[in-house]
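Asks:
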Amino acid sequence: MLHFILYKRLSEPTSSRVRYTKEQMEEFASSFHDVSLAPGLKFKEVWALADKESARLVNQEEGYVDSWHRGGRVVLLGDSAVKMTSMSGLGVNVGMHSAALLASELQRLVANGQQRPSSSEVFPDTASLEQAFTRYQRFRQKEARRIYDFGYAVVRQVTWNSWRDWFIDRMLLPWYSRDHMMRTMMYPMVSNGQVLTYVPFNGKQGLMPWRRVPEAKI
Numbered sequence: 001m002l003h004f005i006l007y008k009r010l011s012e013p014t015s016s017r018v019r020y021t022k023e024q025m026e027e028f029a030s031s032f033h034d035v036s037l038a039p040g041l042k043f044k045e046v047w048a049l050a051d052k053e054s055a056r057l058v059n060q061e062e063g064y065v066d067s068w069h070r071g072g073r074v075v076l077l078g079d080s081a082v083k084m085t086s087m088s089g090l091g092v093n094v095g096m097h098s099a100a101l102l103a104s105e106l107q108r109l110v111a112n113g114q115q116r117p118s119s120s121e122v123f124p125d126t127a128s129l130e131q132a133f134t135r136y137q138r139f140r141q142k143e144a145r146r147i148y149d150f151g152y153a154v155v156r157q158v159t160w161n162s163w164r165d166w167f168i169d170r171m172l173l174p175w176y177s178r179d180h181m182m183r184t185m186m187y188p189m190v191s192n193g194q195v196l197t198y199v200p201f202n203g204k205q206g207l208m209p210w211r212r213v214p215e216a217k218i
C-alpha cells in the first residue's frame, strides 16, 4: 500500500478549525492531476484508483508553547505543548517520549514520598510537582523544539513559501544526502530515546546502543 501526501500553501495562516467536504477534497486533488509521479504516471491516474473513504483533506496545524506547566497543578503533554506538522513524521514519537519522561518523574516523586516518615502533610505537594514538571520540560524541550523547527522549515520549503524556500527545495534538497540526515538527526534521537525508568526490561540493540536503560532491574 502506498500513501501520498500533497501539500499546498494556504493564502494566509489561520487559527480557526476547518473541516473540508469531499467536494473540496476532489477540487484540491484536481489541482495536482498533471503532476508526474514517475515516468509515464501522473497523479490523476493514481487518484482515480485511490480509496476515497480513507483520503482526507486537512490543514497542517503547528504551534509551540513556551511554558508547559503552571503552579504544580497543570502540565502539558504531546500536541498541547508541541503541535507539529506531519512533515517530520515524528509528532507521535515526541509525545510518547515526553510521556515516558513525565511518567518516570512522577513515579520517582511518589516513590520517594513513600519513604518519608509518616506525616499529615499531603504529598506530593504542589512545590514538589512543580519541580518535577520543571525537570520534565527542561529535558524535553530542546529535542522537541529541534524537531518542531525542522518540520516548520521543511513544510514551507516544499510549498515554496518564499523564493529562498523555492531555491532550497528545487536546487539544494535534491543533492542533500538522506543518509547524512538519518545519521545526524534520526539515529541519535532514537538511540537517546526515553524509557520508563521504573519498568524493568532487557532491550535488544544493534550497532548503535541505547543510551538510556531502566533504573529498575529484573
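Counting in full-length UniProt numbering, the sequence shown runs from 1 upward without gaps.
Beta carbons: idealized from backbone N, C-alpha and C, even for Gly.
Starting from L41, follow its DSSP beta bridges and name the residues at the other end.
Replies: Position 41 of the sequence shown, counting from 1, holds the residue named residue 41. BP columns for L41 point to A38.
Asks: Using only the alpha-carbon positions, how far apart do W166 and W160 sit?
Replies: Position 166 of the sequence shown, counting from 1, holds the residue named residue 166. Position 160 of the sequence shown, counting from 1, holds the residue named residue 160. W166 and W160: Cα-Cα distance of roughly 5 Å.
Asks: Using only alpha-carbon positions, find the residue among L101, L102, S128 that is nearest to G113.
Replies: Reading the sequence shown from its first residue, position 113 is the one you call residue 113. The candidate whose alpha carbon is nearest that of G113 is S128.
Asks: Going by the CB atoms, is the gap between S86 and Q107 shorter than 9 Å?
Replies: Here the question's residue 107 lines up with position 107 in the sequence shown. Here the question's residue 86 lines up with position 86 in the sequence shown. Contact flag unset, no.
Asks: Residue range of the alpha helix (DSSP H) that I26 falls in?
Replies: Here residue 26 is taken as the residue at index 26 of the sequence shown, counted from 1. A small fix is needed here, since residue 26 is Glu in this sequence, not Ile. Note, E26: alpha helix (DSSP H), 22-30.
Asks: Grouping DSSP H, G and I as helix and E and B as strand, with all else coil, what is V74?
Replies: The residue given as residue 74 occupies position 74 in the sequence shown. It is a strand residue.
Asks: With a threshold of 16 other CB atoms inside 10 Å of the CB of S11, please say whether the residue is buried or exposed.
Replies: Position 11 of the sequence shown, counted from the start, is the residue given in the question as residue 11. So S11 ends up on the exposed side.
Asks: Going residue by residue through the stretch 77-161, where are the continuous alpha helix (DSSP H) segments of at least 4 residues, counting only ones entirely within it?
Replies: Complete alpha helix (DSSP H) runs here, min 4: 91-114, 126-158.
Asks: Evaluate contact between the stretch 75-94 and the stretch 143-152, counting only Cβ atoms and requiring at least three cross-stretch pairs below 8 Å.
Replies: Touching, per the Cβ criterion.
Asks: Under 8 Å: do the stretch 53-67 and the stretch 91-105 share three or more Cβ pairs, one atom per stretch?
Replies: No, the stretch 53-67 does not touch the stretch 91-105.
Asks: For the putative contact between residue 221 and Y7, defined by C-beta atoms under 8 Å, what is the C-beta separation to the nearest angstrom?
Replies: Look at the range of the chain in this structure, 1 to 218, and you will see that residue 221 is not part of it.
Asks: Which same chain residues end up closer than 8 Å to K42 when comparing Cβ atoms and leaving out the 5 residues on each side of it in sequence?
Replies: For the purposes of this step, residue 42 is taken as the residue at position 42 of the sequence shown. Counting only Cβ-Cβ distances below 8 Å, and skipping sequence neighbours, we find H33, D34, V35, S36.
Asks: Since I believe S191 is in contact with P209 (beta carbons under 8 Å), could you give me their beta-carbon distance rounded to a whole number of angstroms?
Replies: Walking along the sequence shown from the start, residue 209 turns up at place 209. Walking along the sequence shown from the start, residue 191 turns up at place 191. At roughly 7 Å, the Cβ-Cβ gap stays under 8 Å, so P209 and S191 are in contact.
Asks: In its own chain, which residues sit with a C-beta less than 7 Å from the C-beta of Q194, not counting the 5 before and 5 after it?
Replies: Stepping through the sequence shown from its first residue, residue 194 is reached at position 194. H97, A100, L101, R212, listed in sequence order.
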